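Line order of the protein sequences matches chains A and B.
Just so you know, the first sequence maps onto residues 11 to 503 in my numbering.
Just so you know, the second sequence maps onto residues 11 to 503 in my numbering.
Right, one structure below, let's go through it.
2 protein chains.
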Amino acid sequence: MAKGITRRSEDYARWYTDVVAAADLADYSPVKGCMVIKPHGYALWEQIKAVLDRMFKETGHVNAYFPLFIPKSFLCREAEHVAGFAKECAVVTHSRLKANDDPNSSEKVIVDEASKLEEELVVRPTSETIIWSMYKKWIQSYRDLPILINQWANVVRWEMRTRLFLRTTEFLWQEGHTAHATPDDAESEVLKMLGVYQTFAEEFMAIPVYAGIKTESEKFAGAERTYCIEAMMQDKKALQAGTSHNLGQNFARAFDVTYQSEAGKQEYVWATSWGVSTRLVGALVMAHSDDTGLVLPPKLAPIQVVVVPIWKNDEEHAKVMETVTGLVQSWDKDIRFKIDDRDYYRPGWKFNEWEKKGVCIRIEIGPRDVENGEVVLACRDDGSKSKIQNNQLNDRLRNELNDMQSRLFERARKFRDEHTFEVDSYEDFKRRIEAPEGFFNIHWCGDSKCEAKIQEETKATIRCIPLNKKHESGECIICKQPSSARVITGKAY
Amino acid sequence: MAKGITRRSEDYARWYTDVVAAADLADYSPVKGCMVIKPHGYALWEQIKAVLDRMFKETGHVNAYFPLFIPKSFLCREAEHVAGFAKECAVVTHSRLKANDDPNSSEKVIVDEASKLEEELVVRPTSETIIWSMYKKWIQSYRDLPILINQWANVVRWEMRTRLFLRTTEFLWQEGHTAHATPDDAESEVLKMLGVYQTFAEEFMAIPVYAGIKTESEKFAGAERTYCIEAMMQDKKALQAGTSHNLGQNFARAFDVTYQSEAGKQEYVWATSWGVSTRLVGALVMAHSDDTGLVLPPKLAPIQVVVVPIWKNDEEHAKVMETVTGLVQSWDKDIRFKIDDRDYYRPGWKFNEWEKKGVCIRIEIGPRDVENGEVVLACRDDGSKSKIQNNQLNDRLRNELNDMQSRLFERARKFRDEHTFEVDSYEDFKRRIEAPEGFFNIHWCGDSKCEAKIQEETKATIRCIPLNKKHESGECIICKQPSSARVITGKAY
Chain A
11 MAKGITRRSE DYARWYTDVV AAADLADYSP VKGCMVIKPH GYALWEQIKA VLDRMFKETG
71 HVNAYFPLFI PKSFLCREAE HVAGFAKECA VVTHSRLKAN DDPNSSEKVI VDEASKLEEE
131 LVVRPTSETI IWSMYKKWIQ SYRDLPILIN QWANVVRWEM RTRLFLRTTE FLWQEGHTAH
191 ATPDDAESEV LKMLGVYQTF AEEFMAIPVY AGIKTESEKF AGAERTYCIE AMMQDKKALQ
251 AGTSHNLGQN FARAFDVTYQ SEAGKQEYVW ATSWGVSTRL VGALVMAHSD DTGLVLPPKL
311 APIQVVVVPI WKNDEEHAKV METVTGLVQS WDKDIRFKID DRDYYRPGWK FNEWEKKGVC
371 IRIEIGPRDV ENGEVVLACR DDGSKSKIQN NQLNDRLRNE LNDMQSRLFE RARKFRDEHT
431 FEVDSYEDFK RRIEAPEGFF NIHWCGDSKC EAKIQEETKA TIRCIPLNKK HESGECIICK
491 QPSSARVITG KAY
Chain B
11 MAKGITRRSE DYARWYTDVV AAADLADYSP VKGCMVIKPH GYALWEQIKA VLDRMFKETG
71 HVNAYFPLFI PKSFLCREAE HVAGFAKECA VVTHSRLKAN DDPNSSEKVI VDEASKLEEE
131 LVVRPTSETI IWSMYKKWIQ SYRDLPILIN QWANVVRWEM RTRLFLRTTE FLWQEGHTAH
191 ATPDDAESEV LKMLGVYQTF AEEFMAIPVY AGIKTESEKF AGAERTYCIE AMMQDKKALQ
251 AGTSHNLGQN FARAFDVTYQ SEAGKQEYVW ATSWGVSTRL VGALVMAHSD DTGLVLPPKL
311 APIQVVVVPI WKNDEEHAKV METVTGLVQS WDKDIRFKID DRDYYRPGWK FNEWEKKGVC
371 IRIEIGPRDV ENGEVVLACR DDGSKSKIQN NQLNDRLRNE LNDMQSRLFE RARKFRDEHT
431 FEVDSYEDFK RRIEAPEGFF NIHWCGDSKC EAKIQEETKA TIRCIPLNKK HESGECIICK
491 QPSSARVITG KAY
């Protein structure tokens, strides 16, 4: 256990906050519910962005940017949509401040009432409405379709109870918004992007996920169907790590967006939207880290290797640094490394610092090592240490980084699989979901009343109806009506 | 002249708007003053971002992210700062919408007065105040300095008269915010980043700039000194293309940010900030484009080469595309190209389309060319066309892109130098600045009254006091008091 980090077993929520702080990922801001993403946390987000952005472009998408503000009337065009977001909207009502004439007031500057807007503007909680108001201008014919646009942006959803990365009033995300000529095209897009998210979660974040479909009551406000990927954190709670929505023709109807088909008919356009956010940073922290601090999968770690030279005097420093400089130049160019030769910290302090920050591999090298032509290599995830000859180091780094990526994924998968259960008795379910012991696959009739009862009585939710569900006859755990397959339930972030 | 594009000579402002529209860079949004950056415009911004981000990192900076919202009281801590921004602030006053109970109202959803915030939040017009409130937490000792942070973000300044890219209520930018132990360190940083901006403008944007210092009346609200780079557009007006501010200890005092020096004394921290915005896209459009549409410097063009295959039937299409596929595979991997084999547009239409969009080089290839092992290569900037053997094409592309980059810069430099004049008679100045004929280097005494008179009477401003000014005795063009060097004046965007 590292100083300043609560043990997971003691208090998981505090452990999470401690790891975020110890790794210097983020800080609380003076603005209620808003966080500051510190350089190390932002570097992690940049890694996530870079990979996803490449994957989006490889699947034919382009980036664009739409306004931060949405006229209130636009948000109201789609009834379910506004109902879903009305209670968490930051509303801009004025456009100027002015000096306060009142000598008795302590406020030197006040809102200028003369600048009251004719129509209030909502800071985007999501951009379907502003984007579909533009798509109306851009879409006339089937030749204008599909539109495959993504946006990297900040959004605001007023939150009362916030947690760094997991739930904040402002967060960063990407939102894809696509327009299609047919419902099949839209559905293909929705599933394709769900697949991109699953690949990203499993191959880059090293987090296994269940892909599935949300129940009616859990779907996005304004969607026909919401698909999601669900991951298990180390406290056996679920974290929704990405969603992909089939919006049907809801937004096209709300904004009157039609196109002329090849056959010459006017048809409403079919829509999708999909997104992931800085919440993924929280998922990375919670999936892999330990009581010493952050653990990151090598493919996303901003620093994969830290080199800590060890010396006692200037002569030794020069000698060690000469070897270090030669070594790092011989490595593959895509290895992200840092040399920490700060002279006002001791090696032990540095080891601890980089462990807390989740650097995958530490290389220690002192004067004796230089003479022997070797270094000490320490792995962050399993704590293993070994001596490596300098001429084998590049290959060894490459292998260790690959192996660590696999190890983290396998460990997370084993953990999840060992904590995913089938249960048929509601009494058992209630008892075992309390802590929780894990995910529970239960039979459910499909009625939202039974779903609501589960949530009220246990605080657990149906995370998704898995896409690869196997057909199996059973009885709803609540009402005993027939069910043809199990759904995944869990307590969630 | 292209269809739909007004000639520069006829109406420069309309020409600009037409080129932006014809190149599909941006669109007006339904939100007053806010634009939509369309995919081609955003791709250009991505190129700009990628280069600048690399340059910032190479000079030791890291990225982070601070909240969108600034408590009103924070903005007010620095008196000049709030005075500078008060009149253009989007103010958030409420956090919820609700259904309207009033059956007589046409508004279905209204602001929930119960959600009125205790303290209003301003959507950041710039982030000095929120960032320095955090630096107070982060800085204790000289070991915490310097802090070299940059942020890529959206900001909002309420604008009455807006123009796509050049002046919009919301815009995208980067803002560097650094903290230093000494005034010398801060001043070095300010000049270093001004140098980065100048290098970027000249070597990547192919736009020559004058680097200088702003007068007291033109400096940033809250700065001690503002440095800037100023470019000349084709209508001979100035565009401020980047600013770098020495903030002295103003924000450290406002937020009480002190550090313990090596000598053990508590000292206020020294600050800088520096930024460029999506306005640079407007500068690129105005500096290089012509009556046919957009012209872009190759180093920043999202598409450097477009290949337009020409065919009459499926057989020819297959044959031409086979050659095209082989050709593009043989090119250097960093050449950004697109193959346009859409079958519902004719080649001539495509040529025009890609000219409007500023693609640097067009490759035309038909069945006859395939037989001859050659292609037609057309350059966007000078309209030159030539036949190139396939085996020489890669080298030729590389050379043409390099040459075009130089040609654009030299053309812009020649234009600027030919339209920069020294003038000593105020009557001459007034007459020649009217159109304007260019930049005018004038003697100025340094008094803000003379500066104000120039601005009132001519609408021109002192763009900067050039850094490389040569000492030359003269008389202020207004008051005839002595002056030791000339300043650069012009009409500006």
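Where is the CB? At the ideal position from N, CA and C, for every residue including glycine.
Source: prediction; values computed, not measured.
Q. Expressed to the nearest angstrom, what Euclidean distance is found between the alpha-carbon atoms of V369/A and D344/A?
A. In the first sequence, residue 369/A corresponds to position 359, counting from 1. In the first sequence, residue 344/A corresponds to position 334, counting from 1. If you draw a straight line from the Cα of V369/A to the Cα of D344/A, it comes to about 15 Å.
Q: Mind listing, in chain order, the continuous alpha helix (DSSP H) runs of no fewer than 4 residues lying wholly within the region 164–223 of chain B?
A: 193–209
Q: Report buried or exposed for S19/A, applying the criterion of at least 16 other Cβ atoms within 10 angstroms of its Cβ.
A: Residue mapping note: residue 19/A aligns to position 9 of the first sequence, counting from 1. Exposed: under 16 other Cβ atoms inside 10 Å.
Q. Can you find a CB in chain B that lies within less than 9 Å of the CB of G51/A?
A. If you number the first sequence from 1, residue 51/A lands on position 41. Yes - at least one Cβ of chain B is within 9 Å of the one on G51/A.
Q) DSSP puts W284/A in a beta bridge; with which residues? A) Within the first sequence, the letter at position 274 stands for residue 284/A. Its beta-bridge partners are G186/A and S254/A.
Q: Enumerate, from N- to C-terminal direction, the unbroken alpha helix (DSSP H) stretches of 4 or more residues contained entirely within the region 433–483 of chain B.
A: 436–443 and 458–468
Q) Of all the options T302/A, R352/A, F95/A and T499/A, which has the alpha carbon lying nearest to the alpha carbon of V316/A? A) As a position in the first sequence, residue 316/A is number 306, starting the count at 1. Closest by alpha carbon: R352/A.
Q: State the Cα-Cα distance for the pair P446/B and H190/B, rounded to the nearest angstrom.
A: For this step, residue 446/B is matched to residue 436 along the second sequence. For this step, residue 190/B is matched to residue 180 along the second sequence. Straight-line Cα distance between these residues: approximately 42 Å.
Q) Could you give the distance in angstroms between the alpha-carbon of S39/A and the alpha-carbon of P77/B? A) For this step, residue 39/A is matched to residue 29 along the first sequence. For this step, residue 77/B is matched to residue 67 along the second sequence. When rounded, the distance between both Cα atoms is 7 Å.
(Q) In chain order, what are the residue ranges of uninterrupted alpha helix (DSSP H) at least 4 long that sit wholly in the region 310–398 of chain B? (A) 324–339, 357–366 and 377–382
Q: Just the chain A side, please: which residues come within less than 9 Å of K108/B by C-beta, in chain order?
A: Within the second sequence, numbered from 1, the residue matching residue 108/B stands at position 98. Neighbours of K108/B on chain A, chain order: A96 and K97.
Q: Select from Y75/A, A36/A and S458/A the residue whose C-alpha is nearest the C-alpha of K48/B.
A: Taking the first residue of the second sequence as position 1, residue 48/B is located at position 38. Taking only the C-alpha atoms, the option nearest K48/B is Y75/A.
Q: Please decide whether L62/A counts as near chain B, where near means a Cβ-Cβ distance under 9 Å.
A: Taking the first residue of the first sequence as position 1, residue 62/A is located at position 52. Taking Cβ atoms only, chain B never reaches closer than 9 Å to L62/A, which makes this a no.
Q) In terms of alpha-carbon separation, which member of T236/A, I217/A, C389/A and A231/A lies closest to K223/A? A) In the first sequence, counting from the first residue as 1, residue 223/A sits at position 213. The amino acid at residue 223/A is misidentified as Lys; the sequence shows Ile. Residue T236/A holds the alpha-carbon nearest to the alpha-carbon of I223/A among T236/A, I217/A, C389/A and A231/A.
Q: Measuring alpha carbon to alpha carbon, tell me which of T333/B, N412/B and K424/B ends up nearest N400/B.
A: Locating residue 400/B in the second sequence gives position 390, counting from the first residue. Of T333/B, N412/B and K424/B, the residue nearest in Cα terms is T333/B.
(Q) Could you pull the DSSP bridge partners for S151/B from this structure? (A) Locating residue 151/B in the second sequence gives position 141, counting from the first residue. Looking at the DSSP assignment, S151/B forms a beta bridge with Q270/B.
(Q) Quick check on S115/A - is its C-beta less than 9 Å from some C-beta in chain B? (A) The residue given as residue 115/A occupies position 105 in the first sequence. S115/A does not count as touching chain B.
**Q.** Three-state secondary structure (DSSP) of E98/B
**A.** Here residue 98/B refers to the residue found at position 88 of the second sequence. Here DSSP, grouped into helix, strand and coil, assigns E98/B to helix.
(Q) Distance cutoff 9 Å, beta carbons only. Does L78/B sit that close to anything in chain A? (A) Locating residue 78/B in the second sequence gives position 68, where the first residue counts as 1. Output row for L78/B: interface = yes.
Q: Round the Cβ separation of P307/A and A53/A to the nearest angstrom and send it over; I've been treating them as touching at under 8 Å.
A: Position 297 of the first sequence holds residue 307/A. Position 43 of the first sequence holds residue 53/A. Between A53/A and P307/A the Cβ distance is about 14 Å, and since that is not below 8 Å, they are no contact.
Q) Span of the alpha helix (DSSP H) holding M65/A? A) For this step, residue 65/A is matched to residue 55 along the first sequence. Looking at the DSSP string, the run of the alpha helix (DSSP H) that includes M65/A is P49 to E68.
Q) Do the region 86–105 of chain A and the region 112–128 of chain B touch if we need at least three Cβ pairs shorter than 8 Å? A) yes
Q: Report yes if the C-beta distance between V330/A and G358/A is below 9 Å; otherwise report no.
A: Here residue 330/A corresponds to residue number 320 of the first sequence, with the count starting at 1. Here residue 358/A corresponds to residue number 348 of the first sequence, with the count starting at 1. Not a contact, by the Cβ cut-off of 9 Å.
Q: Let me know the secondary structure DSSP gives R406/B once reduced to three states.
A: As a working mapping, residue 406/B is identified with position 396 in the second sequence. R406/B: helix per DSSP, three-state reduction.
Q. Of the residues that make up the region 167–188 of chain B, which ones have a beta carbon closer than 7 Å to any beta carbon in chain A?
A. The region 167–188 of chain B vs chain A, Cβ under 7 Å: W168, E180 and L182.
Q) Cβ of K367/A within 9 Å of Cβ of F214/A? A) Stepping through the first sequence from its first residue, residue 367/A is reached at position 357. Stepping through the first sequence from its first residue, residue 214/A is reached at position 204. Not closer than 9 Å, so no.
Q: Alpha carbon to alpha carbon, how far is A233/B from D37/B? Give it in angstroms, no decimals.
A: The residue given as residue 37/B occupies position 27 in the second sequence. The residue given as residue 233/B occupies position 223 in the second sequence. Whole-angstrom Cα-Cα distance: 34 Å.
Q: Please report the residue range of the beta strand (DSSP E) in which V305/B lies.
A: On the second sequence, residue 305/B is found 295 positions in, with the first residue counted as 1. First-last for V305/B: undefined, no H or E at that position.
Q.
Strictly by DSSP, which residues pair up with F265/B?
A. Position 255 of the second sequence, counted from the start, is the residue given in the question as residue 265/B. Beta-bridge pairing links F265/B to no other residue.
Q) Roughly how many whole angstroms lie between the Cα atoms of R473/B and E226/B? A) Taking the first residue of the second sequence as position 1, residue 473/B is located at position 463. Taking the first residue of the second sequence as position 1, residue 226/B is located at position 216. Roughly 12 Å separates the two Cα atoms.
Q.
Does H71/A pass the burial test, meaning 16 or more other C-beta atoms within 10 Å, or should it be called exposed?
A. Indexing the first sequence from 1 puts residue 71/A at position 61. Counting of Cβ neighbours within 10 angstroms places H71/A among the buried residues, the total reaching 16 or more.
(Q) So, with DSSP's three-state summary, where would you put H104/A? (A) Translated into the one-based positions of the first sequence, residue 104/A becomes position 94. It is a strand residue.
Q | DSSP bridge partner residues for P492/A (one or two, in chain order) | A | For the purposes of this step, residue 492/A is taken as residue 482 along the first sequence, with counting starting at 1. In the DSSP output, where bridge partners are listed per residue, P492/A has E485/A.
Q. How many Å lie between K360/A and L407/A at the Cα?
A. On the first sequence, position 350 is the one that residue 360/A refers to. On the first sequence, position 397 is the one that residue 407/A refers to. Looking at the two C-alpha atoms, the distance is approximately 20 Å.
Q) Do you know whose CA, among R442/B, K469/B, R426/B and E88/B, lies nearest A262/B's CA? A) Position 252 of the second sequence, counting from 1, holds the residue named residue 262/B. Minimum Cα distance to A262/B is reached at E88/B.
Q) What residues from the region 388–420 of chain B come within 8 Å of chain A, judged by C-beta to C-beta, listed N to C? A) none
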